[in-house]
Amino acid sequence: MKQLYPVLAALLMASAATAQTTPGGVRIGTAGAPHDKAILELSATGKGLLIPRMDSAARAQIASPPDGLMVFQTDGRKGFWYALSGEWLFIPDKTKSGDNLGNHRATQAFNLNNKPLTGVATAALGDSTAQVLIQSSVPSKSVALMTRSVYGRNYTRTTLSGYGTGPYGQDIDYAVWGNAYRSEGWGGIFTAGRPGQTPLRWVGLAGHPGYINANAAIRIVDGTQAAGRVLTSDGVGNGKWMPITAAGGNFNLGTFQLVGNGGSNGIRISAAGVVEQAGVASPTLLLHSNTNDLVTGGTLQWRESNTAYGWNLRHNTGGNEAGQAADRLILERVNGAGGVGVMSWNQNTGNVGINTLNAGYTLDVNGTIRGSNVSPSDVRFKQDVRPLGGALAAVRQLRGVRYRWNALGVQHGGTAGAEQVGLLAQEVERIYPELVSTDAQGYKAVNYAQLTPVLLEAIKELEAALAAQTRRADQAQAAQQADHASLLTLQEQVAALRAALVPAAQAQR
């Protein structure tokens, strides 16, 4: 590149012996006329031209410098500076490292004219400094760098960091966009986002990620693609579309879950092996389900070949069912007409019901039971042990009755029409309230097993009374026998006396 460096400097004073003035110019240093093309010709050996030297502040204070004015700056970017159009320009030393174009501002397009633009970097410039920096600071649609190859309707285009109009006329904020247009549509690799759109789509293969209603975000076409196929890889990383086949090994979930319907509902299998129904925020059990109160929404279902029959295990979360609105775990038989409760567990009370959903006791059975039961009675379990007195008098106040269950009694477990014997709970409660319990609905029951100690003590009291009477009878009988013996002795004595008196009387005659 050619550059003209005009020199305007104050002429150095020279002696008359070394300077010759001619009408066309001045020659300094040797005799003779100056060159016919020069206004000033200097000739010297071992000497040079010394133009004004100053620092950058002094140079900047020169007001309205004329074009061509030159100075030598002694600080900052040291060297020759010249004025042009009111600005100071530096004359670079092309022998030093740096660009060979100088510091220029383009005024027209730079045409390579079929020549390559090349550059070789030999040292790193740092993490945030590029070897080649192209920057765009335009507030409207513009890109920093774009390459394009055009041939008819088939062309490619690459955009690096730009905000512009996409192929469908939409606004796109690109980081990298490399695509190829063919008759069937766009294809390529994208890193882009459409401003103001949610969600942003950042990466695309073969589709257009920034365009709403575009085709697939990822598309790989190699001739093996087909509906329902999956992308697999060989040992060296070559990908290929393959049909889904039966598994040849375990499927490792890693730290994720296997979900259905996007995870909104259905069954999920977690990485920990927990099987759960979606909707449970933090499942903690091996099998965790969240469902409703209905028969058709059972947590677990076992169905026969006829799906109207089977078994349900479900959780009633407080819905009004069978007269109660308590949390219950219910096992029921589905018989075609609905669910029939077989067993229930009340979460609030802990009561278990068999053939009833309204368990009023720890174990409430609607029907006949049979079993071998043992009541814990170890003395080490008890405190405040004291005699049970007055049992006989208390038992005398109880009355055993015969009866039959009415409709309400049948509803609560009684057998219709059968003759029964027993006690009346309200009468027992007045004497022994410990033997009577009252359920949540106010109905009372007698603990007949705990009536046994009362009857035992009553028998013992009765036996003690009988023993006392027996002792008194024995004592009376012994006294009677003693009196009888005394009478016999007296009779014997009277007889002996009589026998002794009769001979004496006869002798006196």
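Just so you know, the sequence shown maps onto residues -19 to -1, 1 to 490 in mature numbering (1 follows the signal peptide of the UniProt record, and there is no 0).
Positions of the beta carbon are idealized from the N, C-alpha and C atoms, including for glycine.
Note that this is a predicted model, so its numbers are computed, not measured.
Other residues of its chain near residue i: CB distance less than 6 Å, five sequence neighbours each side excluded
| i | result |
| --- | --- |
| Leu275 | Here the model assigns Leu275 a pLDDT of 48, short of 50, so the residue's position is not dependable, and the following value carries that caveat. Cβ within range, chain order: n/a, list empty. |
| Asn347 | Asn336, Thr337 and Gly394 |
| Ser123 | Ser117 |
| Asp203 | none |
| Thr205 | Lys221 and Trp222 |
Option in the options with minimal Cα separation from residue i
| i | options | result |
| --- | --- | --- |
| Asn327 | Gly320, Asn336 and Asp308 | Asp308 |
| Asp36 | Gly322, Pro15 and Arg58 | Arg58 |
| Met127 | Pro120, Ile115 and Ser121 | Ile115 |
| residue 492 | Asn231, Arg453, Ala439 and Gly209 | Given a span of -19 to 490 for the chain in the structure shown, any question on residue 492 remains unanswerable. |
| Ala64 | Gln42, Ser358 and Glu442 | Gln42 |
| Ser130 | Ser123, Thr139 and Trp62 | Thr139 |
| Val211 | Ala449, Gly13, Pro224 and Gly204 | Pro224 |
| Ala19 | Gly6, Val323, Lys28 and Trp292 | Gly6 |
| Leu405 | Gly381, Ala421, Gly423 and Leu389 | Gly381 |
| Tyr429 | Tyr413, Glu442 and Gly423 | Tyr413 |
| Gln378 | Arg411, Pro357, Thr349 and Tyr384 | Arg411 |
| Trp222 | Ser121, Ala208, Gly230 and Ala228 | Ala208 |
| Leu31 | Lys363, Phe61 and Asp17 | Phe61 |
| Leu70 | Leu50, Arg479, Glu442 and Gly320 | Leu50 |
Buried versus exposed, by CB contacts within 10 Å (16 or more), residue i
| i | result |
| --- | --- |
| Ile72 | exposed |
| Asn316 | exposed |
| Glu444 | exposed |
| Gln431 | exposed |
| Val52 | buried |
| Val366 | exposed |
| Ile311 | buried |
| Ser325 | buried |
| Asn339 | buried |
| Val417 | buried |
| Val409 | buried |
| Gln54 | buried |
| Leu469 | exposed |
| Asn354 | exposed |
| Arg40 | buried |
| Pro33 | exposed |
| Arg453 | exposed |
| Val427 | buried |
| Glu473 | exposed |
| Arg8 | buried |
| Asn297 | buried |
| Gly322 | buried |
| Pro15 | buried |
| Asn293 | buried |
| Leu482 | exposed |
| Glu313 | buried |
Contacts around residue i, its chain only, beta-carbon distance under 7 Å, and the 5 residues preceding and following it disregarded
| i | result |
| --- | --- |
| Ala397 | Trp386 and Val391 |
| Thr11 | Ser24 |
| Val376 | Val435, Leu436 and Ala439 |
| Ala421 | Gly341 |
| Thr451 | none |
8 Å CB neighbourhood of residue i in its chain, flanking five on each side removed
| i | result |
| --- | --- |
| Leu447 | none |
| Gly67 | Ser45 and Pro46 |
| Ala476 | none |
| Ala463 | none |
| Asp48 | Pro(-14), Ala64, Leu65 and Ser66 |
| Thr433 | none |
For residue i, the residue or residues it bridges with in DSSP
| i | result |
| --- | --- |
| Leu212 | Trp222 |
| Arg309 | Asn297 and Asn327 |
| Lys425 | Thr419 |
| Phe61 | Phe53 |
| Gly403 | Val382 |
| Tyr290 | Asn316 |
| Glu68 | Leu65 |
| residue 494 | Any question about residue 494 goes unanswered here, given that the chain covers just -19 to 490. |
| Leu482 | Looking at the DSSP assignment, Leu482 forms no beta bridge with any residue, so it has no partner. |
| Arg34 | Phe53 |
| Val321 | Arg314 |
When you compare the stretch 341 to 352 with the stretch 400 to 410, are there three or more beta-carbon pairs, one atom per stretch, that lie closer than 8 Å? The stretch 341 to 352 is not in contact with the stretch 400 to 410.
Is the stretch 371 to 390 touching the stretch 321 to 339, taking contact as three or more C-beta pairs under 8 Å? Taking 8 Å as the limit for Cβ pairs, the verdict is that the stretch 321 to 339 does not touch the stretch 371 to 390.
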